[in-house]
Every structure is written in structure tokens, then in C-alpha cells.
Amino acid sequence: MENETLYERIGGDEALRQLTNTFYDLVFNHELISRLFKTDKDLIKEKQRLFLTQFLGGPQLYSEVYGHPMMRARHMPHTITEDDAIAWLQCMSEAVGQLPISRELKDELFDRFPRTAFFMVNS
Ligand code: HEM
């Protein structure tokens, strides 16, 4: 339905649980970017699920728990290069590809990430 948010159209919470699980399994095994992730894998999966819920038009779950997202500022303690952003996006592309949704919807979902990812580059 046209009025539904992207969050609803991809399958809501269940889809984001699958996406964040697949995504961080790829990230934590990635030869270039795994070095950046030092905290608990379950915690970062949970934070990303809450963030993506609101990023895709669902309830403001991340802000309720952690306050204003300020994503660029929250990434500043980490040295993130353009190559890191490309690797992050490759992991996301692969994770999106595994969702049980149409090709069109996968493309629409993935298109939400490149701008934000390159915005996080700080080195
Ligand atoms: C450009 C590539 C990116 C890299 C290399 C990167 C890396 C990181 C790292 C190292 C952390 C901290 C993880 C930890 O606590 O161990 C983090 C946190 C986080 N990232 Fe990214 N990130 C990238 C892009 C993005 C994008 C595009 C988004 C959102 C669409 C995002 C959302 C988040 C969220 C929600 C957190 C948790 C923040 C918190 O502590 O509350 N990141 N990221």
C-alpha cells in the first residue's frame, strides 16, 4: 500500500532482525572492517535494529533508548575511511539480498544506505 512505510513494506521487526543478524555476521568476519568493532555483537545488532526501525519510518525506538541519533558524531571515535564505507555497503548489500522480498524492494531498501555511509567517513 502506498501509505505504508518502508519499514512496514519490508516486513517490519522480523525483517530487521534478520537483516541485522546477517549484516553483523558479515561485518564481524570482514577482513577490513571487523577491526573497528570491539563491543558486543548482540549489543550492536540491537542498536542497529532500533536505529533502522526509525530510519525506515517505523517507531522511534532508538531515540527512546539512546536519545538523538547524531550518527556522524557517534562514529567520530572510530577512524572510518572511504574504503571502510564501501566494505560496510558491500556487507549491507549482501544482507539485504538475503531478505525474502522482491528485487525492487531490495533495491529501494539498499538505496537508503550509500549517502549515510559516506557521510560517516571521517578519515
Ligand atoms: C561507513 C561505514 C560505517 C562504519 C565503518 C561504521 C562503524 C561503526 C562502529 C565501529 C560502531 C561502533 C560499534 C561498537 O560499539 O563496537 C558503529 C556504531 C553504529 N553504527 Fe555504524 N558504521 C558505518 C556506517 C553506518 C551507517 C550507514 C549507519 C546507519 C544507517 C550506522 C549505524 C550505526 C549505529 C546505529 C551504531 C550504534 C551507535 C550507538 O552506539 O548507539 N553505521 N558503527
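The opening position of the sequence shown corresponds to residue 11 in the working numbering, with each subsequent residue numbered one higher. Just so you know, even glycine gets a beta-carbon here, dropped at the ideal spot from N, CA and C.
Exercise for the section: Take the Cβ of Thr30 as the centre, count every other Cβ of all protein chains shown within 10 Å, and call the residue buried at 16 or more, exposed below. Expected result: Along the sequence shown, read from residue 1 onward, the residue named residue 30 stands at position 20. Under this definition Thr30 is a buried residue.
Exercise for the section: Going by CA-CA distance only, name the one from Cys101, Ile111 and Pro110 that's closest to Ala127. Expected result: For the purposes of this step, residue 127 is taken as residue 117 along the sequence shown, with counting starting at 1. Of Cys101, Ile111 and Pro110, the residue nearest in Cα terms is Cys101.
Exercise for the section: Can you have a look at Thr91 and say buried or exposed, based on whether 16 or more other CB atoms are within 10 angstroms of its CB? Expected result: Indexing the sequence shown from 1 puts residue 91 at position 81. Counting Cβ neighbours within 10 Å, Thr91 comes out exposed, since fewer than 16 surround it.
Problem - Cβ-based neighbour list, Ser44, same chain, cut-off 7 angstroms, excluding 5 preceding and 5 following - result: Position 34 of the sequence shown, counted from the start, is the residue given in the question as residue 44. The residues are Val37 and Phe38.
Practice task
Could you tell me the distance, in whole angstroms, from the CA atom of Ala95 to the CA atom of Asn13?
Solution key: Within the sequence shown, the letter at position 85 stands for residue 95. Within the sequence shown, the letter at position 3 stands for residue 13. In a straight line, the C-alpha of Ala95 is about 31 angstroms away from that of Asn13.
Practice task
Would you grab the beta carbon distance between Gln58 and Leu109 for me? Rounded to a whole angstrom, and I think it's under 8 angstroms.
Solution key: As a working mapping, residue 58 is identified with position 48 in the sequence shown. As a working mapping, residue 109 is identified with position 99 in the sequence shown. Between Leu109 and Gln58 the Cβ distance is about 15 angstroms, and since that is not below 8 angstroms, they are no contact.
Handout entry: Pair within 9 angstroms by beta-carbon distance, Leu71 and Leu60
Key = Locating residue 71 in the sequence shown gives position 61, where the first residue counts as 1. Locating residue 60 in the sequence shown gives position 50, where the first residue counts as 1. Yes, they are a contact pair.
Practice task
Measure the alpha-carbon distance for Ser7 versus Leu62 and round it to whole angstroms.
Solution key: Outside the modelled stretch of the chain, which goes from 11 to 133, sits residue 7, for which no answer is possible.
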